[in-house]
Amino acid sequence: MDVTAAAGAAGATSEASKSSTKLADDFDNFLALLTTQLQYQDPLDPMDSSQFTEQLVSFTQVEQSIATNKNLENLISQTQTAAISDAVNYLGTEITVETDRAGLRDGKAKWEYGLQTSSEETKLIVQDAKGEIVYEGYGETKAGLHEFIWDAPEGTPDGIYKLTLKAESANGSEVQTAVYSKGVVESIETLNGQPHLSVNGILTPTTEVQAVNAVKKTEPDAEDVS
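In terms of the working numbering, the sequence shown opens at residue 2 and continues consecutively.
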């Protein structure tokens, strides 16, 4: 199982650090020019000190802004690191996500669907990434949540598949439905600094997880225990 940490971004030079380096170079150049001007100024007509005083104040204000940005970057980095640490707890668990797409792995794809009210008929349709129908069948008609595990025909390639429901009541009106994808978290990756859980080829942000369940371990047969 792989964990891609956001800490990798910390190794790169931050924008605040780059700005700080540029400011230091500019300040050194400013002091060099100021020293040169003071050495060669006309004693009878000395420089107006207010000009370089204003420039020094400007440098100080920029330096304070950069320091503030550095502090913000540190806070963001710490928050992202904490989020990654929390996401590690999902590894090896089965999560439920509100999406109609599920990854096919080892010939199986797993969904959960809900019916707001009972239906006269519930039709289940599975489509591949190209929109081709690869399965049609009928599901539960009682209101509530139901699990659907698609056993794909032998030779069906792994990938992302979509489950669509068509449910109607006895009077022909449409029944409100919801579809959820279920799968075991295999790894954690980061996108834009945020942790995403990898489940059968699908990346899901932790904020979209609806439920978490421990994976049941297969108990060995009694005759196999020595």
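From the three backbone atoms N, C-alpha and C, an ideal C-beta is built for every residue, glycine too.
Nearest to SER120 by alpha carbon, out of THR54, LYS111, TYR139? Of all alpha-carbon atoms in THR54, LYS111, TYR139, the one lying nearest the alpha-carbon of SER120 is that of TYR139.
Any idea what DSSP makes of THR207, helix, strand or coil? The answer is helix: DSSP assigns THR207 an H, G or I state.
With DSSP as the reference, identify every bridge partner of PRO196, one or two as the case may be. Answer is THR191, bridged to PRO196.
Nearest to TYR114 by alpha carbon, out of LYS124, PRO44, LEU92? Of LYS124, PRO44, LEU92, the smallest CA-CA separation from TYR114 is found for LYS124.
Just reading off the beta strand (DSSP E) that VAL185 is part of, what are its end residues? Unbroken beta strand (DSSP E) run through VAL185: 178-185.
For GLU95, three-class secondary structure by DSSP: GLU95: strand per DSSP, three-state reduction.
Touch test, the segment 101-111 against the segment 158-176, Cβ-Cβ under 8 Å, three pairs minimum: Touching, per the Cβ criterion.
Does DSSP put THR61 in a helix, in a strand, or in coil? In the three-state reduction of the DSSP assignment, THR61 falls in the helix class, which pools H, G and I.
Could you pull out every unbroken beta strand (DSSP E) segment of at least 3 residues lying fully inside the segment 89-144, listed in chain order? Secondary structure remark: continuous beta strand (DSSP E) runs of at least 3 residues inside the segment 89-144, in chain order: 95-98, 102-105, 109-116, 122-128, 134-139.
Could you check the C-alpha separation between LEU198 and THR61 for me, to the nearest Å? Computed Cα separation, rounded: 44 Å.
Note down the Cα distance separating LEU92 from GLU169, rounded to an integer number of angstroms. When only Cα atoms are considered, LEU92 and GLU169 end up about 38 Å apart.
Where does LYS71 fall in DSSP's three states? The three-state secondary structure of LYS71, taken from DSSP, is helix.
Please confirm whether THR99 and ALA153 have their CB atoms less than 8 Å apart. The sequence as given places Glu at residue 99; Thr does not occur at that position. Contact: no.
Which residues mark the beginning and the end of the beta strand (DSSP E) in which ALA171 is found? Per DSSP, ALA171 belongs to no beta strand (DSSP E) and is neither H nor E.
Can you check whether the CB of GLY145 is closer than 8 Å to the CB of LEU116? The Cβ-Cβ distance between LEU116 and GLY145 falls below 8 Å.
State the Cα-Cα distance for the pair ALA68 and VAL213, rounded to the nearest angstrom. If you draw a straight line from the Cα of ALA68 to the Cα of VAL213, it comes to about 41 Å.
For the putative contact between VAL127 and LEU164, defined by C-beta atoms under 8 Å, what is the C-beta separation to the nearest angstrom? With 8 Å as the limit, VAL127 and LEU164 qualify as a contact, their Cβ atoms being about 6 Å apart.
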